[in-house]
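Asker:
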Amino acid sequence: MTTPFSARRRALARLLPQAKLDCLLVTHPANWFYLTGFTGESGALLVSQKGSALVTDGRFTVQAGEETSGVRIVLQKGSLFESIGQFLKTAPIRRVGFDPTQLTIAQLGRVRKFAGARLRWISAPGKVETLRMRKDPSELAQMRKAALLAGEVVQHAIGLLKPGIREFEVAAEIEYQMRKKGASGPAFETIAAFGSRAALPHARPTAKRLRKNELVVLDLGVILGYYCSDITRTVFLGRAPGRIRTWYKAVLEAQTAAIAAVRSGATCGDVDTAARQVLTDYRLDHLFVHSTGHGLGLEVHEDPRVAKGQKTRLEPGNVITIEPGVYAKGVGGIRIEDDVAVHADRTEVLTRVPRDFIEL
Ligand code: ZN
Ligand code: ZN
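Numbering (the numbering used here), first residue to last: 125 to 484.
#1: Which residues bound the beta strand (DSSP E) around T214?
#2: With respect to the beta strand (DSSP E) encompassing F360, which residues constitute its N-terminal and C-terminal limits?
#3: Got a sec: does ligand 1 put a non-hydrogen atom nearer than 8 Å to the Cβ of E447?
#4: Would you call the CB atoms of D483 and A364 closer than 9 Å?
#5: My assumption, with CB atoms under 8 Å, is that I312 sits in contact with G345. Please give the rounded CB distance.
#6: Name the residue from Y406, R407 and A381 whose alpha carbon lies nearest to the alpha carbon of T397.
#7: Does DSSP put T180 in a helix, in a strand, or in coil?
#8: What residues in its chain sit with their C-beta under 6 Å from that of A270, if we drop five residues either side in the sequence?
#9: Alpha carbon to alpha carbon, how far is F360 from P261?
#10: I'd like to know whether the C-beta atoms of V402 and E377 end up nearer to each other than 9 Å.
#11: Just checking E461 against ligand 2 - is the residue's beta carbon closer than 8 Å to any of the ligand's heavy atoms?
#12: Residues in its own chain within less than 8 Å of C147 by CB, not counting five upstream and five downstream?
#13: With hydrogens ignored, establish whether the beta-carbon of T127 is closer than 8 Å to any heavy atom of ligand 1.
#14: Taking Cβ positions, are E426 and E253 nearer each other than 9 Å?
#15: Among Q266, R328, N337 and S320, whose alpha-carbon lies nearest the alpha-carbon of A296?
#16: Ignore the nearest five residues each way along the sequence and tell me which others in L136's own chain have a CB closer than 8 Å to its CB.
#17: Can you name, in chain order, every residue of its own chain whose Cβ lies under 8 Å from the Cβ of P287, other than the five neighbours on each side?
#18: Any heavy atom of ligand 1 within a distance shorter than 8 Å of the CB on T214?
#19: Please work out which residues of its chain come closer than 8 Å, Cβ to Cβ, to L285, disregarding the five sequence neighbours upstream and downstream, and give them in chain order.
#20: Does the separation of the CB atoms of F238 and S207 fall below 9 Å?
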């Protein structure tokens with residue numbers, strides 16, 4: 125029976141001969157989930173053209189059998205990497221690929237020791253990540269739901285903002301709402317940054333209380349059905365001074381320009397340039413201290429990077445964030461972030477929350 129998982133394993137297996145690999149060792153949990161549906165916390169997957177084997181320990185073998193189909197489940201004996209090595213020792217393969225960004229030197233040493241000298245170990249980074257960039261219809265359907273839920277939660281959180289509330293209270297309420305609405309949790313640590321703390325792009329919630337005439341940056345994402353969303357809205361408590369309004373207008377125009385630049389065939393660098401050019405025109409580019417966006421999917425930061433000079437070309441099925449911002453020490457920050465899917469003939473904004481400047 126063909127499932128999305130078996131189709132992905134076949135797509136991966138088709139890539140192996142050109143990389144001169146008989147087999148790929150997959151040790152990153154998001155990657156083995158993508159290829160099998162297995163949600164256990166420990167294991168490793170071996171994919172070859174002849175089939176796939178998932179090595180996991182006794183806590184997860186029943187679960188692995190239930191969650192996967194068409195995958196041989198191998199009971200781990202001894203340590204994980206010892207077991208993988210012993211399994212490979214007798215397998216009819218010679219060239220094994222591994223991802224050096226995910227396998228530690230100690231793990232590689234161990235698996236090699238038990239697999240014996242017959243095998244060749246070949247660095248093969250990013251193979252599964254490349255496939256994961258192109259979401260299939262079932263993934264896109266799930267990502268739409270995750271994006272809509274993040275939108276509901278950010279709107280709820282904006283309704284809570286009043287003088288005296290603390291950053292960590294807002295962050296806690298955001299994460300409570302996510303869980304209450306069915307998310308398995310936040311996709312990353314929620315950002316609720318008030319006043320000058322909003323100048324930190326990755327501020328952690330503190331006991332700071334919200335005061336009149338402060339900016340508020342809310343950046344949150346949910347994990348729903350294993351897929352992440354990521355949204356940022358910036359609001360002002362009170363009537364904003366002219367400078368803040370101009371900055372907001374600039375960031376919104378930069379984001380709109382970047383979203384307009386998203387299309388199949390454009391490079392990620394082109395999309396970054398579109399945002400950066402608007403902020404340059406406003407003479408604010410020196411306050412835009414990060415890249416324009418990132419890929420989104422099973423993980424909150426995945427390929428492709430939407431950054432200066434990135435040559436990766438967008439293609440249908442890609443989902444990326446577009447999140448320009450400006451940050452000024454002592455003043456605060458403004459960021460607007462939405463999730464965008466690339467289709468052959470159009471761009472779909474998955475997050476559906478108004479982007480007009482809100483003054484509370
Ligand atoms: Zn974000
Ligand atoms: Zn983001």
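C-beta: ideal position from N, C-alpha, C; glycine also.
Answerer: Inspection of the coordinates gives the following:
#1: Careful: T214 lies outside any beta strand (DSSP E) and carries neither H nor E.
#2: I355 to L361
#3: yes
#4: Checking the sequence shown, residue 483 turns out to be Glu, not Asp. With contacts defined as CB atoms closer than 9 Å, E483 and A364 qualify as a contacting pair.
#5: The sequence shown places Phe at residue 312, rather than the Ile named in the question. 6 Å between Cβ atoms; contact.
#6: By alpha-carbon distance to T397, the top candidate from Y406, R407 and A381 is A381.
#7: strand
#8: V346, L348, Y351 and S353
#9: 38 Å
#10: Contact annotation: V402 and E377 have beta-carbon atoms nearer than 9 Å.
#11: It does: the Cβ of E461 is within 8 Å (strictly closer) of some heavy atom of ligand 2.
#12: L140, L170, V171, S172, L212, A215, I217, R219, V220 and G221
#13: T127 Cβ: outside cutoff for every heavy atom of ligand 1.
#14: yes
#15: R328
#16: L148, L159, V171, K251, V252 and L255
#17: In the same chain as P287, and ignoring 5 residues on each side of it, the C-beta atoms closer than 8 Å to its own belong to R333, L334, R335, K336 and L361, in chain order.
#18: no
#19: The residues are V294, L334, V340, V359, L361 and L484.
#20: yes
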